[in-house]
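Taking it in order: structure first as structure tokens, then the write-up.
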Amino acid sequence: MALDLLNHEDELKTAKELNHLLASKYAQEVVNRVANDVISAQSNGVRIGDGKVKSDSGFRATLRSLNPERMIRRAIRKRFPKQGTVSRSPEALDNSEYFPLCVQGLNIQYSTATFVDRRGVGRVAREILKELIKREALSTFDVRPVCGKPIHFFSSVHWCPTELPSRSVVMVHDVIPLLFESIFQKSTISEWKQRYVHTIRSADVIVTVSESSSKDISRIIGIPEEKIHVVYNGVDILDWHEDESVDLLTPDAPYFVCIGSNDYHKNIDVVIKAMGFRDVRDYHLVVVGKSPKGFSAELTSDSGDRIHPIGRLTDGQLARVLKRSKGLLFPSLYEGFGLPPLEALRLEVPCICSARPAMTELLPGMVVFCEPDKPQDWANAMYQLANFPPDMSVRSRIASEIRDQFNWERSTDLLLSVLSRLEDAEN
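Residue numbers are given in my numbering: position 345 of the sequence shown equals residue 418, and the series is strictly consecutive.
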């Protein structure tokens with residue numbers, strides 16, 4: 074009877090939707106397990122990976138069970154039979170740890186080192202792995218392909234071993250310290266020139282997150298353009314549930330939001346200066362991120378009581394702060410990708426950004442652009458945005474465009490295309 078039902082188009086559609094749902098949940102559970110074990114191992118001062126991850130070839134049969142939650146639990150137990158969630162590649166030096174995948178006939182050894190990074194690169198590493206695991210799980214409904222030689226993928230140049238294993242693909246999000254050498258610490262510049270540049274030049278393939286970043290990597294480090302491929306990040310806010318607890322940290326008065334640390338290239342000073350102009354004296358500024366100990370008295374003499382550094386926030390807290398604001402200010406001098414304005418626009422929050430890469434590449438027609446060294450222009454734009462905001466229909470259209478252009482499915486498609494080219498070139 075069950076086989077007869079599957080012949081019906083509606084039932085087949087339902088089965089496919091269930092498969093995708095289960096694969097997504099399974100992928101999330103696996104990534105959570107890997108991330109927790111990697112972070113726990115680092116904090117305890119021990120390495121993981123002594124237990125070889127077993128193949129999940131039995132996952133197809135597991136998915137046929139009747140209880141969805143039971144399906145996932147059984148699949149997880151099959152993949153993680155004991156403590157230790159990643160395998161050690163025999164080719165890798167420095168005991169780097171990898172999560173093995175077989176996707177579209179590619180034998181991918183996915184480095185898990187980046188999972189301990191609390192910055193955006195850590196999120197990118199988790200999201201791409203989650204999408205790859207989902208695809209591997211879905212492939213169990215078909216004939217599993219035979220995978221070839223391993224390809225080692227590193228989602229950040231900062232988390233690579235000293236010497237790369239063979240067939241290595243390295244993601245370089247940006248080369249900001251090499252663009253602004255005069256304002257970064259000597260130790261940072263030295264680490265880039267002595268370690269990261271060597272890693273980039275040693276990689277078989279480089280992937281980066283924007284065309285502007287690709288050009289800078291080629292120009293500054295001397296990498297042939299044909300060796301560099303662009304894989305845009307995804308922008309995912311589906312799990313951002315507003316957390317009202319953060320309301321205690323924000324002013325009752327209308328405010329703008331600025332996201333970023335006090336690093337020089339984040340250029341927060343220009344919006345601090347803008348806050349002193351008459352047109353915006355009715356507005357406050359909420360600064361989110363690794364906040365500075367304090368802005369200089371010279372900068373804040375006219376606006377100090379209207380500036381509120383509130384530190385790091387969860388996704389839910391950030392969503393709440395952004396959606397209650399007049400808009401996001403993003404004055405950075407340079408970004409490899411520039412995730413905060415894209416996330417804000419997905420939340421239908423308007424933005425003012427510096428007219429600099431990669432914002433000018435990714436956000437034309439979506440935000441208000443200002444020169445990063447003209448606080449008067451920022452004050453004027455803030456006044457206009459607060460008093461004449463874009464229509465909700467415009468905000469909704471922009472949010473839809475970003476959802477379609479920047480998602481983790483498309484990012485993974487681009488990455489798999491790059492890995493396939495490496496595979497084909499060596500066959």
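Just so it is clear, CB atoms sit at the ideal spot from N, CA and C, and this is done for glycine as well.
Everything numeric in this text was worked out from a predicted model, so none of it was measured.
Practice item. With a threshold of 16 other CB atoms inside 10 Å of the CB of Pro-413, please say whether the residue is buried or exposed. Key: By 1-based counting over the sequence shown, the position of residue 413 is 340. So Pro-413 ends up on the buried side.
Review point. So what does DSSP say about Met-455, is it helix, strand or coil?
Key: The residue given as residue 455 occupies position 382 in the sequence shown. Here Met-455 sits in helix by DSSP.
Point to revise | Length of the line joining the Cα atoms of Leu-495 and Ala-431 | key: The residue given as residue 495 occupies position 422 in the sequence shown. The residue given as residue 431 occupies position 358 in the sequence shown. Straight-line Cα distance between these residues: approximately 27 Å.
Review point. In its own chain, which residues sit with a C-beta less than 7 Å from the C-beta of Ala-108, not counting the 5 before and 5 after it?
Key: Here residue 108 is taken as the residue at index 35 of the sequence shown, counted from 1. So the qualifying residues of the chain are Phe-188 and Arg-199.
Exercise for review: Kindly identify the DSSP beta-bridge partner or partners of Ser-283.
Suggested key: As a first step, residue 283 is located in the sequence shown; it is residue number 210 there, counting from the start. Answer is none; Ser-283 lacks a bridge partner.
Review point. By how many angstroms is the C-alpha of Ile-290 removed from the C-alpha of Leu-252?
Key: Stepping through the sequence shown from its first residue, residue 252 is reached at position 179. Stepping through the sequence shown from its first residue, residue 290 is reached at position 217. Taking the straight line joining both Cα atoms gives about 10 Å.
Practice item. Using 10 angstroms around the beta-carbon of Ile-301, count the other beta-carbons present and answer buried if the total reaches 16, otherwise exposed. Key: By 1-based counting over the sequence shown, the position of residue 301 is 228. Counting Cβ neighbours within 10 Å, Ile-301 comes out buried, since at least 16 surround it.
Point to revise | Nearest residue (CA-CA) to Leu-95, options Gly-409, Leu-211, Tyr-183 and Gly-178 | key: For this step, residue 95 is matched to residue 22 along the sequence shown. Out of Gly-409, Leu-211, Tyr-183 and Gly-178, Leu-211 has the C-alpha closest to the C-alpha of Leu-95.
Exercise for review: Could you name the residues that DSSP lists as bridge partners for Tyr-328?
Suggested key: Residue mapping note: residue 328 aligns to position 255 of the sequence shown, counting from 1. For Tyr-328, which the question treats as bridged, DSSP gives the partners His-357.
Exercise for review: Name the one or two DSSP bridge partners that Glu-298 has.
Suggested key: Position 225 of the sequence shown holds residue 298. Partner(s): none; Glu-298 has no beta bridge.
Check your understanding: Do His-246 and Val-270 have their C-beta atoms within less than 7 Å of each other?
Key -> By 1-based counting over the sequence shown, the position of residue 246 is 173. By 1-based counting over the sequence shown, the position of residue 270 is 197. It is not a contact, given that the beta carbons lie outside the stated cut-off.
Exercise for review: For the stretch 261-279 and the stretch 383-391, state whether three or more C-beta atom pairs, one from each stretch, are separated by less than 8 Å.
Suggested key: no
Review point. Are the stretch 222-238 and the stretch 439-452 touching, with three or more C-beta to C-beta distances below 8 Å?
Key: no
Review point. Helix or strand or just coil, what does DSSP make of Ile-310?
Key: By 1-based counting over the sequence shown, the position of residue 310 is 237. Coil, per DSSP.
Exercise for review: For Arg-385, collect the residues of the same chain with a Cβ closer than 8 Å to its Cβ; drop the 5 residues on either side in sequence, then sort them by chain order.
Suggested key: The residue labelled residue 385 in the question sits at position 312 within the sequence shown. The residues are Val-361, Gly-362 and Lys-363.
Review point. In the structure shown, what three-state DSSP assignment does His-422 receive?
Key: By 1-based counting over the sequence shown, the position of residue 422 is 349. Note that residue 422 corresponds to Val in the displayed sequence, not to His. Coil, per DSSP.
Review point. From Ala-347 to Val-359, what distance separates their C-alpha atoms?
Key: Taking the sequence shown and counting its residues from 1, one reaches residue 347 at position 274. Taking the sequence shown and counting its residues from 1, one reaches residue 359 at position 286. Those two C-alpha atoms are separated by around 14 Å.
Check your understanding: Count the other CB atoms within 10 Å of the CB of Asp-110; is the residue buried (16 or more) or exposed (fewer)?
Key -> On the sequence shown, residue 110 is found 37 positions in, with the first residue counted as 1. By the 10 Å Cβ count, Asp-110 comes out buried.
**Study point:** Counted within 10 angstroms of its Cβ, other Cβ atoms place Ser-260 as buried (16 or more) or exposed
**Key:** If you number the sequence shown from 1, residue 260 lands on position 187. Exposed, by the Cβ-count rule.
Check your understanding: Can you tell me whether DSSP reads Val-242 as helix, strand or coil?
Key -> Position 169 of the sequence shown holds residue 242. Of the three classes helix, strand and coil, the one that applies to Val-242 here is strand, per DSSP.
Point to revise | Cutoff 6 Å; reference Ser-493; Cβ partners in own chain excluding five residues on either side | key: Indexing the sequence shown from 1 puts residue 493 at position 420. Result list for Ser-493: empty, nothing under 6 Å.
Check your understanding: Rounded to the nearest angstrom, how far is the Cβ of Glu-416 from that of Ala-472, given a contact under 8 Å?
Key -> In the sequence shown, the residue the question calls residue 416 occupies position 343. In the sequence shown, the residue the question calls residue 472 occupies position 399. At roughly 11 Å, the Cβ-Cβ gap does not stay under 8 Å, so Glu-416 and Ala-472 are not in contact.
Exercise for review: In angstroms with no decimal places, state the Cα-to-Cα distance between Pro-141 and Glu-204.
Suggested key: By one-based count along the sequence shown, residue 141 stands at place 68. By one-based count along the sequence shown, residue 204 stands at place 131. Confidence at Pro-141 is low in this model, with a pLDDT of 49, below 50, so its placement is unreliable and no value can be given for it.
Point to revise | Unbroken beta strand (DSSP E) run spanning Ile-224, endpoints | key: Along the sequence shown, one-based indexing puts residue 224 at 151. Where Ile-224 is concerned, the enclosing beta strand (DSSP E) stretches over 223-227.
Check your understanding: According to the neighbour-count rule (16 or more other Cβ atoms, all chains shown, within 10 Å of its Cβ), is Lys-207 buried or exposed?
Key -> Within the sequence shown, numbered from 1, the residue matching residue 207 stands at position 134. Buried, because 16 or more other Cβ atoms sit within 10 Å of the Cβ of Lys-207.
Review point. With contact counted as at least three CB pairs below 8 Å, one residue from each stretch, are the stretch 307-314 and the stretch 477-490 in contact?
Key: yes
Check your understanding: From Asn-340 to Glu-315, what does the alpha carbon distance come to, in whole angstroms?
Key -> Taking the first residue of the sequence shown as position 1, residue 340 is located at position 267. Taking the first residue of the sequence shown as position 1, residue 315 is located at position 242. Asn-340 and Glu-315: Cα-Cα distance of roughly 28 Å.
Check your understanding: Per DSSP, what kind of secondary structure is Gln-182 in: helix, strand or coil?
Key -> Counted from its first residue, the sequence shown places residue 182 at position 109. Here Gln-182 sits in strand by DSSP.
Check your understanding: In terms of residues, what are the limits of the alpha helix (DSSP H) holding Ile-249?
Key -> What you label residue 249 is simply residue 176 of the sequence shown in a count that begins at 1. Residues 249-252.
Check your understanding: Is the distance from the Cβ of Val-303 to the Cβ of Glu-317 below 7 Å?
Key -> Here residue 303 corresponds to residue number 230 of the sequence shown, with the count starting at 1. Here residue 317 corresponds to residue number 244 of the sequence shown, with the count starting at 1. Cβ distance not < 7 Å, so Val-303 and Glu-317 don't count as in contact.
Check your understanding: How about Ala-452 and Asp-342: do their beta carbons lie closer than 7 Å?
Key -> In the sequence shown, residue 452 corresponds to position 379, counting from 1. In the sequence shown, residue 342 corresponds to position 269, counting from 1. For Ala-452 and Asp-342, no; Cβs fall outside 7 Å.
Review point. Sorted by chain position, which residues of the same chain lie with C-beta nearer than 7 Å to Asp-277's C-beta, five sequence neighbours on each side aside?
Key: Along the sequence shown, one-based indexing puts residue 277 at 204. Closer than 7 Å at the Cβ level, and outside the excluded window around Asp-277, lie Arg-240, Ser-241, Val-242 and Leu-495.
Point to revise | Cut-off 6 Å between Cβ atoms - residues of its own chain near Ser-287, not counting five sequence neighbours on either side | key: By one-based count along the sequence shown, residue 287 stands at place 214. Excluding positions up to five away in sequence, the list reads Thr-281, Ile-301 and Val-303.
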